[in-house]
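Reminder that position 34 of the sequence shown reads as 369 in the numbering used here, one-by-one numbering, no gaps.
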Amino acid sequence: MNIVLMTRSKGYSGLVTLCKKKLLALILGVFVILPGALLYAGYSVGISHMRANPDELAVAMQSELDVQRLQISEVTRTAEENMNALALKLGQLQSHVIRIDALGSRLTKMAKLDRGEFNFDRPPAQGGPVGANDANASAMSVPDFVKSLQELTAQLEDRAQQMNVLETMIMTRNLQAEVMPTGRPITRGWLSSYFGLRTDPFTGRRVHHSGIDFAGKMDSDIVSVAAGVVTFSGKRSGYGNLVEVNHGNGYVTRYGHCKENLVHVGQTIKKGQLIAKMGTTGRSTGPHVHFEVMRNGRHVDPKRYIHASR
């Protein structure tokens, strides 16, 4: 290869002949050695600059470390706050579950449900086959987890309110069942006279009978047909020894011709409690109890209340 060199000032030219080796050396020098020399020169200048300014390098490194420490501290604080919030939510959920378990146990007893079917001491039975996408399921993110906790908390609060209402309804129902006159006032005996018009056993005339008579053996048990408060216990004309019980809601029951009264005025009694012994005091032809039911001051047929317990 020939290279012609021209100069303007001298006005002459020169001829340079390059062989392949010289051409290769020229290319190597221009494209490899020269850039390398420039990089080395820049590196040397940088090193000399750093050596000349060690304080600036230390300050820069310290500033970077401070920034990283601040970032780590912020991340740690955020994580602690999230953990505290989750711990608080977990405590709230546990308290809700404890209250609901207690409510459920009370409702199971009040409603006389089978504990084997409704056992609040153990988690409910669950199961199912492995899903096709279970292996590829992704872990729940923190925001989704917190949202799920909030939804679960709202559901538990709603269920607790519903169970409280249900408990109140059952208690009211049980209370009404306790104070509503139902069943027979005796444990052993038979019905000997109905409510309404009948032939009086002493005069033979047709008169109104204000109650139902249950005959039995002397000293047989007489029990209250509902819970209430004793408002009279003593002798009364025609009734002999009489026990009167107020059950509220306008209901009053009377138990007459008793041999012996076993309760006193002001005493609170339960449904089915023994209150007297069967006798034949007062206007009576033999051992029996004269049973009356009054509603708002008026005598009503006790038969409907006796049959109501069946």
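By construction, the Cβ of each residue, glycine as well, lies at the ideal position given by its N, Cα and C atoms.
Per DSSP, reduced to three states, the secondary structure at Phe530 is coil, with no helix or strand assignment. Nearest C-alpha to Ser555 among Arg523, Leu405, Arg519: Arg523. In this structure, Tyr586 is the residue among Thr620, Tyr586, Ile604 with its C-alpha nearest to the C-alpha of Tyr640. Closest in alpha carbon position to Val564, among Val580, Lys606, Glu416, is Val580.
Under the three-state reduction of DSSP output, Lys482 falls in the helix class.
Around Ala562, the same chain offers Glu513, Val514, Lys605, Lys606 as residues with beta carbons nearer than 6 Å, after the five sequence neighbours per side are excluded.
For Tyr590, the enclosing beta strand (DSSP E) begins and ends at 586–596.
With respect to Phe567, Pro520 sits apart: the two C-beta atoms are not nearer than 8 Å. Taking a C-beta distance under 8 Å as the contact criterion, Phe530 and Ile557 do not qualify as a contact pair. Taking Asn596 as the centre and dropping the five residues before and after it, the same chain places the C-beta of Ser568, Asn576, Val578, Ala611 closer than 6 Å to its C-beta, in chain order. Between the C-alpha atoms of Gly539 and Val598 there is a straight-line separation of about 35 Å. Annotation: Ile641 is outside any beta strand (DSSP E); the continuous alpha helix (DSSP H) that includes it extends over 638–642.
Taking a contact as a CB-CB distance under 8 Å, the pair Thr488 and Leu442 does not count as one, their CB atoms being some 22 Å apart. Contact check between the region 622–639 and the region 502–509: fewer than three CB pairs, one atom from each, fall below 8 Å, which does not count as touching.
Look at Val402 here: in three-state DSSP terms it is helix.
Here Asn417 carries a helix assignment [DSSP, helix/strand/coil].
The shortest C-alpha to C-alpha distance from Ser619 to any of Ser527, Gly583, Pro464, Thr603 is the one to Ser527.
Under the three-state reduction of DSSP, His625 is assigned to strand.
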